[in-house]
Amino acid sequence: MSDVLIRMQLIILLLRPTHIQTIVFEPRSLMNSWQAVTSDEIFVPLDLVMLMGIVQQPTLKCYSSNAAILETLIFPQTMTQDRFELIT
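For the sequence shown, the positions run 8 to 95 when my numbering is used.
So this is what it looks like as structure tokens:
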């Protein structure tokens with residue numbers, strides 16, 4: 008099998024369980040803003056987690072911080088914190 012075919016099959020397998028059935032969540036729950044994961048964004052959280060091993064911050068929220076001492080632009084420019092938390 009070619010690498011492209013294997014990658015496409017992996018994307019299909021990863022995307023399949025992301026279509027959540029209708030479930031009632033608390034009004035403030037992030038799950039109320041759920042949208043199915045696209046093939047373009049399926050590997051983004053994995054990439055960000057690997058980058059978190061290199062650029063270490065004290066908490067997850069610090070990666071999206073705009074405080075001068077913590078700011079790491081690649082994280083908020085790549086994916087919002089809410090979307091990252093929903094997918095992971």
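Note that beta-carbon positions come from the ideal geometry of N, C-alpha and C, so glycine has one too.
As the structure is a prediction and not an experimental result, all values here were calculated from the model.
- L17 and D10 have their C-alpha atoms roughly 10 Å apart.
- In terms of CA proximity to Q63, L77 leads the group D54, L77, P52, F50.
- A Cβ-Cβ contact shorter than 9 Å links L67 with E92.
- In this structure, T87 sits away from S72, with a CB-CB distance that is not shorter than 9 Å.
- Note on V56: under 16 other CB atoms within 10 angstroms of its CB, so exposed under the neighbour-count rule.
- Separation of R90 and C69 (C-alpha to C-alpha, rounded to the nearest whole angstrom) is 15 Å.
- The DSSP-derived three-state label of S71 is helix.
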